[in-house]
Amino acid sequence: MDVATYLAAVPEARREALVRLRELCLEELTGFEEGIAYGMPVYVRAGGTAGEIAWANQKQYISFYLMRPDVRDAFADRLAPHDMGKACLRFRNPAKVDFDLLRDLLRATAKAG
1 MDVATYLAAV PEARREALVR LRELCLEELT GFEEGIAYGM PVYVRAGGTA GEIAWANQKQ
61 YISFYLMRPD VRDAFADRLA PHDMGKACLR FRNPAKVDFD LLRDLLRATA KAG
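Just so you know, the sequence shown maps onto residues 1 to 113 in UniProt numbering.
Written as structure tokens, this is what we have:
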């Protein structure tokens with residue numbers, strides 16, 4: 001499966017937000033390779049072995065995985081008001097995805113190299 005196939009299978013109500021999220025990842029994560037791991041889109045730095053960013057359509061929400069603790073720590077204040085697990089930021093309403101925050105997280109991840 002590739003990311004286009006993944007997106008084609010998500011519910012219509014979430015597809016627009018997920019397509020926008022993918023476009024943001026492709027735009028901001030230069031030098032990363034897009035793939036599928038654990039059934040979801042993942043972004044791995046070229047030459048790297050571990051994903052640094054991933055996202056998924058879950059049953060109740062859109063999840064955004066930020067696997068770099070240094071970036072999570074740097075954005076702790078901005079992440080605090082959101083529904084967040086250890087590395088998973090959850091958006092229950094596709095219309096309320098904070099794309100400005102996600103863009104900043106992606107930029108910080110790309111620079112953290």
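Where a beta carbon is used, it is the ideal one built from N, C-alpha and C, also for glycine.
Residue 52 is positioned such that its CB atom lies closer than 8 Å to that of residue 43. Rounded to whole angstroms, the gap between the alpha carbons of residue 57 and residue 81 is 21 Å.
Comparing C-alpha distances from residue 89 to each of 65, 5, 24, 9 shows the shortest one belongs to 65.
Under the DSSP assignment, residue 89 falls in the beta strand (DSSP E) whose first and last residues are 88-91. Look at the beta carbons and you see the segment 22-41 not touching the segment 67-80: under three pairs across the two are nearer than 8 Å.
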